[in-house]
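Under my numbering, residue 317 is the last one in the sequence shown; the count climbs by one each step, no gaps.
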Amino acid sequence: MSDRWVEVADRVWVRRSEELDLSLGVVAGDDCCLVIDTGVDADHGYEFALAVRELTPLPWQIAYTHHHFDHWFGTAAFGESSIWAVADGAHYIGFGDEQRKKWAAKYRREGREEAARRIGRSRLVPPNCRVTGAVGLNLGGRTVVLRQVGLAHTDNDMVVEVPDAGVLFAGDLLEQGAAPQYDDAFPYHWPQAVEYLLSWRPGTVVPGHGEPGDYWWARSQARDLAEVARLCGEVAQGTVPADEAAAHSPFDAKTMRTALERSRLLAPPPPIQVPEPPPPVDQTAAAASPMGNPAFDMAPWAPVYIFDSMDYTDDGE
(Lines of atoms letter the chains of each structure in order from A and count residues from 1; the text may use other names and numbers.)
(Lines give C-alpha, C1' and ligand atoms only; values in the text may rest on other atoms or scores of the structure.)
Protein backbone atom coordinates (compact mmCIF):
# COMPACT_ATOMS: atom_id res chain seq x y z
CA MET A 1 0.00 0.00 0.00
CA SER A 2 1.49 3.35 -1.01
CA ASP A 3 0.43 6.49 0.88
CA ARG A 4 -2.89 7.79 -0.40
CA TRP A 5 -5.68 10.23 0.40
CA VAL A 6 -9.18 9.22 1.41
CA GLU A 7 -11.76 12.04 1.52
CA VAL A 8 -14.23 11.04 4.22
CA ALA A 9 -16.32 14.25 4.15
CA ASP A 10 -16.32 17.71 2.62
CA ARG A 11 -12.76 19.07 3.11
CA VAL A 12 -11.94 16.29 5.58
CA TRP A 13 -9.19 13.93 4.45
CA VAL A 14 -7.35 10.92 5.84
CA ARG A 15 -3.81 10.18 4.73
CA ARG A 16 -3.42 6.42 4.73
CA SER A 17 0.25 5.72 5.29
CA GLU A 18 2.10 2.51 4.52
CA GLU A 19 4.40 3.02 7.51
CA LEU A 20 2.76 1.38 10.56
CA ASP A 21 -0.60 1.55 8.72
CA LEU A 22 -1.03 5.09 10.09
CA SER A 23 -4.08 7.26 9.47
CA LEU A 24 -3.17 10.96 9.55
CA GLY A 25 -5.73 13.70 9.01
CA VAL A 26 -6.45 17.11 7.54
CA VAL A 27 -9.53 19.27 8.14
CA ALA A 28 -9.83 22.47 6.11
CA GLY A 29 -11.91 25.57 6.81
CA ASP A 30 -12.04 28.85 4.91
CA ASP A 31 -9.08 30.46 6.68
CA CYS A 32 -6.79 27.65 7.82
CA CYS A 33 -6.53 23.88 8.13
CA LEU A 34 -5.82 21.48 10.98
CA VAL A 35 -3.25 18.72 10.52
CA ILE A 36 -3.92 15.75 12.80
CA ASP A 37 -0.66 13.97 13.70
CA THR A 38 2.45 14.23 11.54
CA GLY A 39 4.07 10.82 11.08
CA VAL A 40 6.92 8.63 12.29
CA ASP A 41 9.99 10.77 11.51
CA ALA A 42 11.10 14.01 9.83
CA ASP A 43 11.34 12.41 6.37
CA HIS A 44 7.85 10.99 6.67
CA GLY A 45 6.59 14.35 7.92
CA TYR A 46 8.15 16.12 4.94
CA GLU A 47 6.34 13.79 2.53
CA PHE A 48 3.11 14.38 4.45
CA ALA A 49 3.54 18.18 4.40
CA LEU A 50 4.02 18.10 0.62
CA ALA A 51 0.90 15.96 0.29
CA VAL A 52 -1.11 18.44 2.38
CA ARG A 53 -0.01 21.21 0.03
CA GLU A 54 -1.55 19.19 -2.81
CA LEU A 55 -4.90 19.68 -1.10
CA THR A 56 -4.79 23.24 0.21
CA PRO A 57 -2.53 26.30 0.37
CA LEU A 58 -4.10 27.41 3.68
CA PRO A 59 -1.91 27.97 6.74
CA TRP A 60 -2.01 25.05 9.13
CA GLN A 61 -2.24 24.25 12.79
CA ILE A 62 -1.34 20.85 14.21
CA ALA A 63 -3.01 18.53 16.73
CA TYR A 64 -1.24 15.65 18.49
CA THR A 65 -3.64 12.86 19.46
CA HIS A 66 -1.13 11.50 22.02
CA HIS A 67 2.57 11.19 22.78
CA HIS A 68 3.55 7.99 20.91
CA PHE A 69 6.35 8.75 18.46
CA ASP A 70 4.57 7.69 15.26
CA HIS A 71 2.04 10.47 15.74
CA TRP A 72 4.36 13.47 16.12
CA PHE A 73 8.00 12.82 15.13
CA GLY A 74 7.32 14.29 11.67
CA THR A 75 6.45 17.79 12.86
CA ALA A 76 9.78 19.49 12.11
CA ALA A 77 8.88 19.48 8.40
CA PHE A 78 5.87 21.74 9.04
CA GLY A 79 7.87 24.73 10.32
CA GLU A 80 6.47 27.21 12.84
CA SER A 81 2.91 26.43 13.84
CA SER A 82 0.43 26.25 16.68
CA ILE A 83 0.60 22.69 18.02
CA TRP A 84 -2.22 21.48 20.24
CA ALA A 85 -1.93 18.62 22.74
CA VAL A 86 -3.08 17.54 26.19
CA ALA A 87 0.36 16.93 27.75
CA ASP A 88 2.87 19.77 27.94
CA GLY A 89 6.07 20.20 25.98
CA ALA A 90 8.36 18.89 28.73
CA HIS A 91 6.41 15.64 28.83
CA TYR A 92 6.60 15.24 25.06
CA ILE A 93 10.36 15.86 24.91
CA GLY A 94 11.13 13.51 27.81
CA PHE A 95 8.91 10.73 26.54
CA GLY A 96 10.03 11.34 22.95
CA ASP A 97 13.70 10.86 23.83
CA GLU A 98 12.85 7.50 25.40
CA GLN A 99 10.81 6.47 22.37
CA ARG A 100 13.50 7.52 19.92
CA LYS A 101 16.12 5.31 21.64
CA LYS A 102 13.71 2.40 21.94
CA TRP A 103 12.55 2.43 18.34
CA ALA A 104 15.96 3.12 16.82
CA ALA A 105 17.24 0.03 18.65
CA LYS A 106 14.21 -1.98 17.51
CA TYR A 107 14.70 -1.00 13.87
CA ARG A 108 18.38 -1.96 14.06
CA ARG A 109 17.53 -5.37 15.52
CA GLU A 110 15.19 -5.85 12.56
CA GLY A 111 17.93 -4.87 10.11
CA ARG A 112 16.23 -1.57 9.20
CA GLU A 113 19.26 0.68 9.60
CA GLU A 114 17.90 3.52 7.46
CA ALA A 115 14.67 3.66 9.49
CA ALA A 116 16.77 3.80 12.66
CA ARG A 117 18.80 6.69 11.26
CA ARG A 118 15.69 8.59 10.16
CA ILE A 119 14.11 8.41 13.58
CA GLY A 120 17.45 9.23 15.22
CA ARG A 121 17.94 12.45 13.29
CA SER A 122 14.33 13.67 13.61
CA ARG A 123 14.10 16.90 15.58
CA LEU A 124 11.43 16.67 18.26
CA VAL A 125 8.92 19.53 18.20
CA PRO A 126 6.87 19.74 21.41
CA PRO A 127 3.36 21.17 21.56
CA ASN A 128 2.95 24.85 22.41
CA CYS A 129 -0.84 25.03 22.97
CA ARG A 130 -2.33 23.11 25.89
CA VAL A 131 -5.77 21.47 25.70
CA THR A 132 -7.66 21.05 28.95
CA GLY A 133 -11.22 19.84 28.70
CA ALA A 134 -12.41 20.85 25.23
CA VAL A 135 -11.27 23.59 22.87
CA GLY A 136 -13.29 24.84 19.91
CA LEU A 137 -10.91 25.77 17.11
CA ASN A 138 -12.30 28.13 14.46
CA LEU A 139 -10.84 27.27 11.05
CA GLY A 140 -12.99 29.87 9.29
CA GLY A 141 -16.58 28.90 8.62
CA ARG A 142 -15.99 25.60 10.42
CA THR A 143 -15.26 24.80 14.05
CA VAL A 144 -13.50 21.63 15.15
CA VAL A 145 -13.43 20.45 18.76
CA LEU A 146 -10.21 19.26 20.37
CA ARG A 147 -11.29 17.13 23.32
CA GLN A 148 -9.22 15.81 26.19
CA VAL A 149 -10.12 12.18 26.77
CA GLY A 150 -8.73 11.33 30.19
CA LEU A 151 -7.24 7.94 31.07
CA ALA A 152 -7.58 5.54 28.15
CA HIS A 153 -4.96 4.42 25.60
CA THR A 154 -2.56 6.79 27.43
CA ASP A 155 -2.93 9.48 30.07
CA ASN A 156 -2.88 12.25 27.43
CA ASP A 157 -5.21 11.16 24.62
CA MET A 158 -6.99 13.82 22.58
CA VAL A 159 -9.60 13.39 19.86
CA VAL A 160 -10.65 15.78 17.11
CA GLU A 161 -14.36 16.14 16.41
CA VAL A 162 -15.65 17.68 13.17
CA PRO A 163 -19.33 18.14 14.08
CA ASP A 164 -20.55 19.64 10.80
CA ALA A 165 -19.14 16.65 8.89
CA GLY A 166 -19.97 13.93 11.45
CA VAL A 167 -16.32 12.83 11.67
CA LEU A 168 -14.35 11.78 14.75
CA PHE A 169 -10.56 11.43 14.61
CA ALA A 170 -10.05 8.98 17.47
CA GLY A 171 -6.27 8.57 17.50
CA ASP A 172 -5.19 5.22 18.92
CA LEU A 173 -8.30 4.90 21.08
CA LEU A 174 -9.47 2.72 18.19
CA GLU A 175 -7.55 0.66 15.65
CA GLN A 176 -8.76 -1.03 12.49
CA GLY A 177 -7.07 -4.27 11.45
CA ALA A 178 -4.86 -4.58 14.53
CA ALA A 179 -5.30 -5.06 18.24
CA PRO A 180 -5.25 -1.97 20.48
CA GLN A 181 -2.02 -1.30 22.36
CA TYR A 182 -2.13 -1.55 26.16
CA ASP A 183 1.56 -0.86 26.95
CA ASP A 184 0.81 2.37 28.85
CA ALA A 185 -2.98 2.15 28.80
CA PHE A 186 -5.66 2.16 31.50
CA PRO A 187 -7.78 -0.95 30.82
CA TYR A 188 -10.65 -0.15 33.19
CA HIS A 189 -11.09 3.45 32.00
CA TRP A 190 -10.56 2.99 28.26
CA PRO A 191 -13.97 1.55 27.25
CA GLN A 192 -15.84 4.15 29.29
CA ALA A 193 -13.96 6.94 27.52
CA VAL A 194 -14.76 5.54 24.08
CA GLU A 195 -18.45 5.10 24.89
CA TYR A 196 -18.64 8.73 25.98
CA LEU A 197 -16.88 9.97 22.84
CA LEU A 198 -19.29 8.02 20.65
CA SER A 199 -22.35 9.44 22.39
CA TRP A 200 -22.90 12.03 19.63
CA ARG A 201 -22.91 9.17 17.07
CA PRO A 202 -20.35 10.35 14.51
CA GLY A 203 -21.00 8.86 11.09
CA THR A 204 -17.29 8.35 10.34
CA VAL A 205 -14.66 7.34 12.88
CA VAL A 206 -10.99 7.58 11.90
CA PRO A 207 -8.69 5.30 13.92
CA GLY A 208 -5.03 6.02 14.54
CA HIS A 209 -4.12 2.99 12.44
CA GLY A 210 -6.16 1.32 9.72
CA GLU A 211 -9.02 2.32 7.46
CA PRO A 212 -11.78 4.70 8.60
CA GLY A 213 -14.91 3.00 9.88
CA ASP A 214 -18.46 3.92 10.80
CA TYR A 215 -20.18 4.41 14.13
CA TRP A 216 -21.21 0.77 14.44
CA TRP A 217 -17.69 -0.48 13.82
CA ALA A 218 -16.49 1.83 16.59
CA ARG A 219 -19.25 0.57 18.91
CA SER A 220 -18.17 -3.02 18.31
CA GLN A 221 -14.59 -2.24 19.28
CA ALA A 222 -15.82 -0.39 22.36
CA ARG A 223 -17.60 -3.60 23.38
CA ASP A 224 -14.36 -5.53 22.90
CA LEU A 225 -12.51 -3.01 25.08
CA ALA A 226 -15.20 -3.45 27.73
CA GLU A 227 -14.77 -7.24 27.59
CA VAL A 228 -11.02 -6.82 28.19
CA ALA A 229 -11.80 -4.63 31.21
CA ARG A 230 -14.24 -7.25 32.52
CA LEU A 231 -11.69 -10.04 32.15
CA CYS A 232 -9.05 -7.94 33.90
CA GLY A 233 -11.44 -7.49 36.82
CA GLU A 234 -12.26 -11.19 37.00
CA VAL A 235 -8.58 -12.15 36.98
CA ALA A 236 -7.91 -9.59 39.73
CA GLN A 237 -10.73 -11.07 41.80
CA GLY A 238 -9.40 -14.58 41.25
CA THR A 239 -12.54 -15.89 39.55
CA VAL A 240 -10.86 -16.45 36.16
CA PRO A 241 -7.27 -17.69 35.64
CA ALA A 242 -5.03 -15.43 33.55
CA ASP A 243 -4.46 -18.18 30.98
CA GLU A 244 -8.20 -18.56 30.42
CA ALA A 245 -8.62 -14.80 30.07
CA ALA A 246 -5.86 -14.72 27.45
CA ALA A 247 -7.42 -17.63 25.57
CA HIS A 248 -10.90 -16.09 25.49
CA SER A 249 -9.99 -12.42 24.94
CA PRO A 250 -11.58 -10.57 21.99
CA PHE A 251 -7.98 -9.73 20.98
CA ASP A 252 -4.87 -11.89 20.76
CA ALA A 253 -3.35 -13.51 23.85
CA LYS A 254 -0.32 -11.19 23.94
CA THR A 255 -2.56 -8.10 23.96
CA MET A 256 -4.66 -9.56 26.77
CA ARG A 257 -1.61 -10.38 28.86
CA THR A 258 -0.34 -6.82 28.46
CA ALA A 259 -3.74 -5.51 29.59
CA LEU A 260 -3.69 -7.85 32.58
CA GLU A 261 -0.25 -6.64 33.60
CA ARG A 262 -1.28 -3.00 33.25
CA SER A 263 -4.41 -3.56 35.33
CA ARG A 264 -2.33 -5.34 37.98
CA LEU A 265 0.09 -2.42 38.20
CA LEU A 266 -2.57 0.29 38.22
CA ALA A 267 -5.45 -1.14 40.23
CA PRO A 268 -5.44 -1.74 43.99
CA PRO A 269 -5.49 -5.40 45.04
CA PRO A 270 -8.98 -6.89 45.16
CA PRO A 271 -10.68 -6.89 48.56
CA ILE A 272 -10.22 -10.01 50.67
CA GLN A 273 -13.32 -12.14 50.49
CA VAL A 274 -14.06 -13.32 54.03
CA PRO A 275 -16.55 -16.20 54.10
CA GLU A 276 -19.53 -16.13 56.37
CA PRO A 277 -19.01 -18.38 59.40
CA PRO A 278 -21.20 -21.44 59.70
CA PRO A 279 -24.05 -21.19 62.20
CA PRO A 280 -23.48 -22.95 65.53
CA VAL A 281 -24.85 -26.47 65.53
CA ASP A 282 -24.27 -27.26 69.18
CA GLN A 283 -26.05 -24.93 71.53
CA THR A 284 -23.94 -26.11 74.48
CA ALA A 285 -20.71 -25.33 72.60
CA ALA A 286 -22.15 -22.02 71.48
CA ALA A 287 -22.95 -21.09 75.04
CA ALA A 288 -19.41 -21.96 76.12
CA SER A 289 -17.81 -20.01 73.29
CA PRO A 290 -16.33 -16.63 74.29
CA MET A 291 -17.76 -15.15 71.07
CA GLY A 292 -21.04 -17.07 71.04
CA ASN A 293 -19.99 -19.24 68.08
CA PRO A 294 -17.14 -21.78 68.07
CA ALA A 295 -16.32 -20.81 64.47
CA PHE A 296 -15.53 -17.29 65.67
CA ASP A 297 -12.94 -18.60 68.14
CA MET A 298 -10.59 -19.66 65.32
CA ALA A 299 -8.66 -17.62 62.76
CA PRO A 300 -9.55 -15.57 60.81
CA TRP A 301 -12.46 -14.84 63.11
CA ALA A 302 -10.54 -14.70 66.41
CA PRO A 303 -10.08 -11.06 67.47
CA VAL A 304 -6.59 -9.61 67.52
CA TYR A 305 -5.82 -7.70 70.71
CA ILE A 306 -3.53 -4.78 70.07
CA PHE A 307 -3.45 -3.14 73.51
CA ASP A 308 -3.67 -4.59 76.99
CA SER A 309 -6.25 -2.97 79.21
CA MET A 310 -4.90 -0.34 81.55
CA ASP A 311 -6.26 0.93 84.83
CA TYR A 312 -6.56 4.72 84.71
CA THR A 313 -8.11 4.98 88.20
CA ASP A 314 -6.76 7.95 90.08
CA ASP A 315 -5.51 6.60 93.37
CA GLY A 316 -4.75 10.07 94.69
CA GLU A 317 -0.99 9.89 94.42
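C-beta: ideal position from N, C-alpha, C; glycine also.
Expressed to the nearest angstrom, what Euclidean distance is found between the alpha-carbon atoms of residue i and residue j?
i      : j      : result
Trp216 : Arg118 : 38 Å
Trp60  : Arg130 : 17 Å
Ser35  : Ala253 : It is worth fixing the name first, because residue 35 is Val in this sequence and not Ser. Roughly 35 Å between the two C-alpha positions.
Arg109 : Arg53  : 35 Å
Arg4   : Asp37  : 16 Å
Glu113 : Ala165 : 42 Å
Ala178 : Ser81  : 32 Å
Ala9   : Pro127 : 27 Å
Pro241 : Val235 : 6 Å
Glu98  : Tyr92  : 10 Å
Val159 : Cys232 : 26 Å
Under 7 Å Cβ to Cβ from residue i, same chain only, skipping five residues before and after it: list those, please.
i      : result
Tyr182 : Thr255, Thr258, Ala259 and Arg262
Enumerate in chain order the residues of its own chain whose CB-to-CB distance from residue i is below 6 Å, with the five nearest sequence positions on each side excluded.
i      : result
Phe73  : Val40, Asp41 and Ser122
Gln176 : Pro207, Gly210, Glu211 and Gly213
Asp43  : Arg118
Let me make sure I understand the geometry here. Which of the options has the alpha-carbon closest to that of residue i?
i      : options                           : result
Leu124 : Ala285, Phe69 and Arg219          : Phe69
Thr371 : Val12, Leu265 and Asp155          : It is not possible to answer for residue 371, since the shown part of the chain is limited to 1 through 317.
Leu265 : Arg223, Tyr188, His248 and Pro202 : Tyr188
Gln192 : Pro202, Arg223, Arg201 and Gly94  : Arg223
Thr132 : His153, Trp84 and Val162          : Trp84
His66  : Leu58, Cys33 and Gly150           : Gly150
Thr88  : Tyr64, Pro180 and Thr75           : A small correction: the amino acid at residue 88 is Asp; Thr does not occupy that position in the sequence shown. Comparing Cα positions, the closest option is Tyr64.
Val145 : Ala226, Asp184, Glu47 and Ile62   : Ile62
Cys33  : Leu58, Val162 and Glu18           : Leu58
Val27  : Asp21, Tyr46, Leu20 and Glu7      : Glu7
Name the DSSP beta bridge partners of residue i, please?
i      : result
Trp325 : Past the edges of the chain, shown from 1 to 317, lies residue 325, and the structure says nothing about it.
Ile83  : Ile62
Asp157 : Gly150
His209 : Leu22 and Glu175
Asn138 : Thr143
Between residue i and the rest of its own chain, which residues show a CB-CB distance below 8 Å, the 5 nearest in sequence each way excluded?
i     : result
Ala51 : Asp3, Trp5 and Arg15
Given 8 Å, three or more beta-carbon pairs between the stretch 164 to 177 and the stretch 206 to 216
They touch, by the three-pair rule.
Please determine if the stretch 98 to 112 and the stretch 135 to 144 are in contact, where contact requires at least 3 C-beta pairs separated by less than 8 Å.
No: fewer than three Cβ pairs fall under 8 Å.
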